[in-house]
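> Counted the way the working numbering counts, the sequence shown spans residues 17 to 151.
Supplied in structure tokens, the structure appears directly below.
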Amino acid sequence: MSEPKTDANNDTKAETKAETKTYAGGCHCGKVRFEATLALDKVMACNCSICSKTGGLLAFVPASQFKLLSGEDATTDYQFAKKHIHHTFCATCGIRSFAHGAAPDGSSMYAINARCLDGVDYDALPVTRYDGRSL
Ligand SMILES: [Zn+2]
């Protein structure tokens, strides 16, 4: 038995619940294309040395929810500092549409740049500021 959903039909609420769905995305020139299944309930703006320059809005998914459709041989893998994270960018157009690395628990995670997802109104997404510079 499930709990009754009291506000399921209440459309007047300002709060929007992001549904989990599969988004397509990629770089600017189109060589890098991927699919990611996630709920865009929040995105992260980080101030670390690379994010402050690339300006991405990041959403995180486990590797099982990310699928690279094309462009594996079109990307360049940039790593710096502790080299924990693979900053993958398109060698042709330079867009960093995703990065990947190990989460603190050791599992493989992808950080998707929500600005690179097709048809997403990223200005409407709730942004969480993350102080990556202090790490
Ligand atoms: Zn490209």
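Here a beta-carbon is modelled for each residue, glycine too, at the ideal position from N, C-alpha and C.
The structure presented is a predicted model; accordingly, all values stated were derived computationally and were not measured.
#1: By the 10 Å Cβ neighbour count, where 16 or more other Cβ atoms means buried, how is Leu151 classified, buried or exposed?
#2: Assuming Cys62 is part of the beta strand (DSSP E), what are its boundary residues?
#3: So, helix, strand or coil for Ser86, using DSSP?
#4: Among residues of its own chain, excluding the 5 on either side of Ser123, which ones have a beta-carbon nearer than 7 Å to its beta-carbon?
#5: Can you find a heavy atom of ligand 1 that lies under 8 Å from the Cβ of Ile111?
#6: Any contact of the region 95-108 with the region 129-148, i.e. 3+ C-beta pairs under 8 Å?
#7: Find the nearest neighbour of Asn129 within the set Thr38, Phe76, Glu35, judged by alpha-carbon distance.
#8: Suppose the cutoff is 6 Å on Cβ atoms and the five residues either side in sequence are ignored; what does the same chain contact list for Lys33 look like?
#9: The alpha helix (DSSP H) spanning Cys67 covers which residue range?
#10: What do you reckon, is the C-beta of Thr108 under 8 Å from a heavy atom of ligand 1?
Once the coordinates are examined:
#1: It counts as exposed.
#2: Bounds of the beta strand (DSSP E) holding Cys62 are 59-62.
#3: Annotated three-state conformation of Ser86 is strand, per DSSP.
#4: Cβ within range, chain order: Pro78.
#5: In this structure, the C-beta of Ile111 approaches ligand 1 to less than 8 Å from one of its heavy atoms.
#6: Counting Cβ pairs under 8 Å, fewer than three are found: no touch.
#7: Closest option to Asn129, Cα to Cα, is Phe76.
#8: Once the five neighbours on either side are set aside, Lys33 has no close Cβ partner at all.
#9: First-last of the alpha helix (DSSP H) with Cys67: 67-70.
#10: Checking the Cβ of Thr108 against ligand 1 gives yes.
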